[in-house]
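**Q** Got a structure for you, written out below as structure tokens; questions coming shortly.
Numbering (the numbering used here), first residue to last: 1252 to 1799.
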């Protein structure tokens, strides 16, 4: 087979390598003499076998790694496809709950008009066909825009006006420049349907429904207003709330926690306002230009970065510059940017805390003065960085990465875990990992398995934690225990000022460190006070121990 031939070639290479090494150690006559002697032949054969086995092991490991990576990518693709199918199914289910109610009522009206008023019945059928044709255009939701939904809504309201006559009028005010904005299908009709059913229809004189749209930074605000009886009057009068329940489910599915739904009792009437962040991957401005904010407590450096960006990325709009973290959050709320350039050290809120509170979909670039070893922590993170003073070469590379990320559906879904990891890595930043009112309580005790027993161990007594597959090994002066929590989950619950990550799979209690040394290769090693073993510090975390 091909694999047998492959490893045969590896063995042949090992043979030649063995003879080459032998000729390097001995001159050629001595080698020939040694080859034909039993002892020499045995030595060379043994050396050849060792080299061949080593090469075979290396190639075999690479082959397994390549297969594992390919399988991981296939599995990831399957998961993404399944998630997409689930989301489509959810949306189709929501639409299926809305459509029958409208269609049944319309067809019932057509039947009632066939004999009494054939012309009106014909007109209603024509409007129904127009409605269904427009609905088919956006039925899959792939290319649904605000303009498509406005057209669909006009066709829908025309049908309702035919049913209600002079008791209903409507007004739609949507600026033409907003028509191309992506919008999930069937977002407006449920609100309009509720306004008519629970506000206008119960009112003897009828009323008007208006639909408006406007931008607020990256947010699209849609308002449906009626001058009917209002929420308080109609509440409990047979209302099931199905329309708004569907709308809430749709908003949650498409936009998560960043969508808003506000219901205002106006007396008379009701206003429902929908706030949705622009579709991921769509620019903040109508002309396609991305929007950015800069936050740095040094105004000269912030202005310098803005000038550099204007030269290297002319189409980028710098919407504002903040001097501290609190001001940055206010600007984020006002402008809803695509990109944030954040200084890590700022008064009040740090750059990591601002990034943690920023809206989903924002791409983060940290502007930092940390040294090159600390910067290694950023290389594989869901963020980018610029090193102060900002150089043209690094800025160009950062812009290239940002352009690519702006094309993707959204910013990384693992931003929170990335920020938590960075908070543990970067020195001198108090209270970052999980900071805030909703941060988890720090662990004081852990329940760990030791043989057949379960022990209660004080976190202060732990020398270090080490990843052990899906578990974590706990090392104390008394020995080793095991807990059913991954190191990643555990790290979020530990005090980052006392427990430092020193390796991807190791977190050490800094109070239990006796000393640090360096080996001949320049690697940092940790000696513990109560444990005999020595711990290796990876290069990405070595900067934290330079002063020790």
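In this text, a Cβ means the ideal position worked out from N, Cα and C, and glycines have one as well.
Is residue 1514 near the ligand NAP, with its Cβ less than 8 Å from a heavy atom?
**A** This structure simply doesn't include the ligand NAP, nor any ligand for that matter.
**Q** If you measure between the beta carbons of residue 1763 and residue 1779, is that distance less than 9 Å?
**A** In the chain shown, counting from the first residue as 1, residue 1763 sits at position 512. In the chain shown, counting from the first residue as 1, residue 1779 sits at position 528. Yes, Cβ-Cβ distance for residue 1763 and residue 1779 is below 9 Å.
**Q** Assuming residue 1774 contacts residue 1787 under a Cβ cut-off of 8 Å, what Cβ separation, rounded to an integer in Å, is found between them?
**A** Against the chain shown, residue 1774 aligns to sequence position 523. Against the chain shown, residue 1787 aligns to sequence position 536. Right, the Cβ-Cβ distance comes to about 6 Å (below 8 Å), so this counts as a contact.
**Q** Measuring alpha carbon to alpha carbon, tell me which of 1587, 1575, 1580 ends up nearest residue 1598.
**A** One-based indexing of the chain shown puts residue 1598 at position 347. The shortest C-alpha separation from residue 1598 is found at 1575.
**Q** When you compare only the Cα positions, how much space is there between residue 1748 and residue 1579?
**A** Position 497 of the chain shown, counting from 1, holds the residue named residue 1748. Position 328 of the chain shown, counting from 1, holds the residue named residue 1579. Cα to Cα, residue 1748 sits roughly 26 Å from residue 1579.
**Q** Would you list the residues sitting across from residue 1424 in a DSSP beta bridge?
**A** Locating residue 1424 in the chain shown gives position 173, where the first residue counts as 1. 1463.
**Q** For residue 1356, which three-state DSSP category applies?
**A** Residue 1356 sits at position 105 when you count from the first residue of the chain shown. Correct three-state label for residue 1356: helix.
**Q** Could you tell me the boundaries of the beta strand (DSSP E) in which residue 1635 lies?
**A** For the purposes of this step, residue 1635 is identified with residue 384 of the chain shown, where counting begins at 1. Note, residue 1635: beta strand (DSSP E), 1635-1638.
**Q** Consider the Cβ of residue 1311: report whether some Cβ of chain C lies at a distance smaller than 9 Å.
**A** Going by chain labels, chain C is absent from the structure shown, which holds only one protein chain.
**Q** Reducing DSSP to helix, strand and coil, say where residue 1594 ends up.
**A** Mapped onto the chain shown, residue 1594 falls at position 343. Strand, per DSSP.
**Q** Between residue 1476 and residue 1423, is the Cβ-Cβ spacing less than 9 Å?
**A** Against the chain shown, residue 1476 aligns to sequence position 225. Against the chain shown, residue 1423 aligns to sequence position 172. It is not a contact, given that the beta carbons lie outside the stated cut-off.
**Q** If distances are taken between C-alpha atoms only, which option among 1617, 1590, 1613 comes closest to residue 1603?
**A** For the purposes of this step, residue 1603 is taken as residue 352 along the chain shown, with counting starting at 1. The option with the nearest alpha carbon to residue 1603 is 1617.
**Q** Is the distance from the Cβ of residue 1733 to the Cβ of residue 1781 below 9 Å?
**A** What you label residue 1733 is simply residue 482 of the chain shown in a count that begins at 1. What you label residue 1781 is simply residue 530 of the chain shown in a count that begins at 1. Going by C-beta atoms, residue 1733 is not nearer than 9 Å to residue 1781.
**Q** Of the residues 1752, 1757, 1552, which one's Cα is nearest the Cα of residue 1620?
**A** As a first step, residue 1620 is located in the chain shown; it is residue number 369 there, counting from the start. Of the candidates 1752, 1757, 1552, the one whose C-alpha sits nearest the C-alpha of residue 1620 is 1552.
**Q** If you draw a straight line from the alpha carbon of residue 1458 to that of residue 1421, how long is it in whole angstroms?
**A** Working through the chain shown from its first residue, we reach residue 1458 at position 207. Working through the chain shown from its first residue, we reach residue 1421 at position 170. Distance between the alpha carbons of residue 1458 and residue 1421: 9 Å.
**Q** Would you mind reading off the limits of the alpha helix (DSSP H) that contains residue 1646?
**A** Position 395 of the chain shown, counting from 1, holds the residue named residue 1646. Residue 1646: member of the alpha helix (DSSP H) spanning 1643-1658, first to last residue.
**Q** Note the first and the last residue of the continuous alpha helix (DSSP H) segment covering residue 1398.
**A** Here residue 1398 corresponds to residue number 147 of the chain shown, with the count starting at 1. Here the alpha helix (DSSP H) through residue 1398 covers 1397-1415.
**Q** Closest to residue 1437 by CA distance: which of 1710, 1399, 1713, 1354 is it?
**A** Reading the chain shown from its first residue, position 186 is the one you call residue 1437. Distances from the alpha-carbon of residue 1437 to those of 1710, 1399, 1713, 1354 put 1399 closest.
**Q** For the beta strand (DSSP E) that residue 1710 lies in, which residues bound it at each end?
**A** Here the question's residue 1710 lines up with position 459 in the chain shown. No beta strand (DSSP E) contains residue 1710, which DSSP labels as neither H nor E.
**Q** Check whether the Cβ atoms of residue 1548 and residue 1594 sit closer than 9 Å, and answer yes or no.
**A** Taking the first residue of the chain shown as 1, we reach residue 1548 at position 297. Taking the first residue of the chain shown as 1, we reach residue 1594 at position 343. Cβ atoms of residue 1548 and residue 1594: closer than 9 Å.
**Q** Leaving out the 5 sequence neighbours to the left and right, which residues in its chain are closer than 7 Å to residue 1777 when beta-carbon positions are compared?
**A** Start at 1 with the first residue of the chain shown, and residue 1777 comes out as number 526. The residues are 1753, 1759, 1764, 1767, 1785, 1786, 1788.
**Q** When burial is assigned at 16 or more other CB atoms within 10 Å of the CB, is residue 1568 buried or exposed?
**A** Taking the first residue of the chain shown as 1, we reach residue 1568 at position 317. Residue 1568 sits buried, since 16 or more C-beta atoms from the chains shown fall within 10 Å of its C-beta.
**Q** How many angstroms separate the CA atom of residue 1586 from the CA atom of residue 1542?
**A** Along the chain shown, read from residue 1 onward, the residue named residue 1586 stands at position 335. Along the chain shown, read from residue 1 onward, the residue named residue 1542 stands at position 291. Looking at the two C-alpha atoms, the distance is approximately 8 Å.
**Q** Given a cut-off of 9 Å, decide if residue 1563 and residue 1647 are closer than it, judged by their beta-carbon atoms.
**A** Position 396 of the chain shown holds residue 1647. Position 312 of the chain shown holds residue 1563. In contact: residue 1647 and residue 1563 (Cβ atoms closer than 9 Å).
**Q** Put residue 1366 into one of helix, strand or coil per three-state DSSP.
**A** The residue labelled residue 1366 in the question sits at position 115 within the chain shown. Residue 1366 falls in the helix class under three-state DSSP.
**Q** By alpha-carbon positions, which one of 1559, 1717, 1727 ends up nearest to residue 1707?
**A** The residue you call residue 1707 lines up with position 456 of the chain shown. Of the residues 1559, 1717, 1727, the one whose Cα lies closest to the Cα of residue 1707 is 1727.
**Q** Assuming the contact rule is C-beta atoms closer than 8 Å, residue 1478 and residue 1519 should be a hit. Round their C-beta distance to whole Å, please.
**A** What you label residue 1478 is simply residue 227 of the chain shown in a count that begins at 1. What you label residue 1519 is simply residue 268 of the chain shown in a count that begins at 1. Indeed they touch by this definition, with Cβ atoms about 5 Å apart.
**Q** Since residue 1602 is in the alpha helix (DSSP H), which residue starts that stretch and which ends it?
**A** Looking up residue 1602 in the chain shown gives position 351. First-last of the alpha helix (DSSP H) with residue 1602: 1602-1608.
**Q** Can you tell me the Cα-Cα spacing of residue 1406 and residue 1413, whole angstroms?
**A** Start at 1 with the first residue of the chain shown, and residue 1406 comes out as number 155. Start at 1 with the first residue of the chain shown, and residue 1413 comes out as number 162. Computed Cα separation, rounded: 11 Å.
**Q** Any idea which residues DSSP pairs residue 1703 with across the strands?
**A** On the chain shown, position 452 is the one that residue 1703 refers to. Its beta-bridge partners do not exist; DSSP assigns none.
**Q** Using the Cβ count rule (16 or more neighbours within 10 Å means buried), how would you classify residue 1447?
**A** Position 196 of the chain shown, counting from 1, holds the residue named residue 1447. Buried.
**Q** For residue 1481 and residue 1516, which I take to be in contact (beta-carbon distance under 8 Å), what is that distance rounded to the nearest angstrom?
**A** Within the chain shown, numbered from 1, the residue matching residue 1481 stands at position 230. Within the chain shown, numbered from 1, the residue matching residue 1516 stands at position 265. At roughly 5 Å, the Cβ-Cβ gap stays under 8 Å, so residue 1481 and residue 1516 are in contact.
**Q** Quick one: is residue 1324 buried, meaning 16 or more other Cβ sit within 10 Å of its Cβ, or exposed?
**A** What you label residue 1324 is simply residue 73 of the chain shown in a count that begins at 1. Under this definition residue 1324 is an exposed residue.
**Q** Have a look at 1433, 1435, 1460 and flag the residue whose alpha-carbon is nearest the alpha-carbon of residue 1445.
**A** Counted from its first residue, the chain shown places residue 1445 at position 194. Across the set 1433, 1435, 1460, the C-alpha of 1460 shows the shortest separation from the C-alpha of residue 1445.
**Q** Counting along the chain, where does the beta strand (DSSP E) carrying residue 1732 start and finish?
**A** Numbered from its first residue, the chain shown carries residue 1732 at position 481. Run containing residue 1732: 1730-1734, per the beta strand (DSSP E) assignment.
**Q** So is residue 1326 buried or exposed if we call it buried at 16+ other beta carbons inside 10 Å?
**A** In the chain shown, counting from the first residue as 1, residue 1326 sits at position 75. Burial call: exposed.
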